[in-house]
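Undergrad: Just dropping this structure here.
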Ligand code: DX5
Ligand code: ZN
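Numbering (the working numbering), first residue to last: 4 to 226.
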C-alpha cells in the first residue's frame, strides 16, 4: 500500500484578510505544508471569494506550495492566470469539467500539479479513468461554498474507495479532504486513507492560535 506523507493545508478562507500575509507566514512557521486558496465564482457555488490577485499576494507571503481549489465553472478560461499568479497545485471539480482530461493536461503542460475534486454526492468511480493523470484527488467532506460547515461522516467509505483505487494505480497520489476537518475528524479521515488535510476554521479561528492548532492537527493525524 502506498501511503504518501501527512500534509497540512491551511485554508485562508478563514484567515483575517486585514493581516493575510502575517497569517500565512505564521502558518508556514508552524509547519504547514501547503496553503489552500478557495476560489469561488458565485456560479458553481453560491459564494464569491478570491481570484488571481489574492494568489499573487499569497505568493509574496510564503515559499510553501500554493494549492488553489477552483470552485468555478469553465476553469480552463482562468487556469493560465492562476498559474501565472503563482499557483503550484490546481484543483478543478469533475462536476465543472465535461472535458476533464483536457483540462488536467492543460494544467500539467502549464507547469502546475493537476488535481481533481469530487462533491459529496459524486461517486468515487468518477475519477477512476483520470487517476493516471493527476497528482491529487480532493474529496469534499462538506458541500463546497462556505467554511465552518459540519463534516459529513458518510464520506468516510468513499475515502477508502478512492485510496484503494490509488493503491491499484501503483504510484503515490495524494488524497485531500476539505470541509469540517479538525482534531476530532482528522483521525477518522486518516484511517480511511486521506493524507492531505485542509482546515480553515480549525486553524485560523482556533482560540489557542494558528501554531497550536496546526500542531494539534498533526498530532491527531499521526499514523
Ligand atoms: C469550502 C472550502 C474549504 C473551506 C473549509 O467550500 O473548499 O476549503 O475553507 O473550511 P472549514 O475547514 O472551516 O470547514
Ligand atoms: Zn477548499
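Note that the Cβ used here is the ideal one computed from N, Cα and C, for glycine as well.
What did DSSP end up calling residue 94 once you bin it into helix, strand or coil?
TA: In the chain shown, counting from the first residue as 1, residue 94 sits at position 91. DSSP places residue 94 in strand when its eight states are reduced to three.
Undergrad: Report the option in 76, 102, 90 whose CA atom is closest to the CA atom of residue 49.
TA: To locate residue 49, count along the chain shown from 1; it is residue 46. Of the listed residues, the one whose Cα sits closest to residue 49 is 76.
Undergrad: Curious, which full-length beta strand (DSSP E) runs of at least 3 residues does the stretch 99-185 contain?
TA: The stretch 99-185 contains these whole beta strand (DSSP E) runs: 116-121, 139-143, 177-181.
Undergrad: Along the chain, where does the alpha helix (DSSP H) containing residue 83 start, and where does it finish?
TA: The sequence position of residue 83 within the chain shown is 80, counting from 1. Counting along the chain, the alpha helix (DSSP H) containing residue 83 begins and ends at 82-88.
Undergrad: For a test of the three-state rule: what should DSSP assign to residue 230, helix, strand or coil?
TA: Past the boundaries of the shown model lies residue 230; the chain is included only from 4 to 226, so the question cannot be answered.
Undergrad: Please write down, chain order preserved, every residue whose beta carbon lies under 6 Å from a heavy atom of the ligand ZN.
TA: After applying the 6 Å Cβ criterion, the set is 14, 39, 41, 72, 181, 201.
Undergrad: Less than 6 Å between C-beta atoms, sequence neighbours within five positions excluded: which residues of the same chain meet that for residue 190?
TA: Position 187 of the chain shown holds residue 190. So the list reads 223, once near-sequence residues are dropped.
Undergrad: Any contact of the stretch 157-166 with the stretch 205-220, i.e. 3+ C-beta pairs under 8 Å?
TA: With a cut-off of 8 Å, the stretch 205-220 and the stretch 157-166 do not count as touching, because too few Cβ pairs lie within range.
Undergrad: Given the structure, does residue 175 come close to the ligand DX5, in the sense that its CB is under 7 Å from one of the ligand's heavy atoms?
TA: Here the question's residue 175 lines up with position 172 in the chain shown. No.
Undergrad: What's the gap between the Cα of residue 28 and the Cα of residue 17?
TA: Along the chain shown, one-based indexing puts residue 28 at 25. Along the chain shown, one-based indexing puts residue 17 at 14. Cα-Cα distance, rounded: 15 Å.
Undergrad: Would you verify that the beta carbon of residue 74 is, or is not, closer than 8 Å to some beta carbon of chain B?
TA: Looking for chain B here will not work: only one protein chain is present.
Undergrad: Rounded to whole angstroms, what is the Cα-Cα separation between residue 85 and residue 205?
TA: Within the chain shown, residue 85 is the residue found at index 82, counting from 1. Within the chain shown, residue 205 is the residue found at index 202, counting from 1. If you take the alpha carbons of residue 85 and residue 205, they lie about 26 Å apart.
Undergrad: Look up residue 51 in the DSSP assignment and say whether it is helix, strand or coil.
TA: Within the chain shown, numbered from 1, the residue matching residue 51 stands at position 48. Correct three-state label for residue 51: strand.
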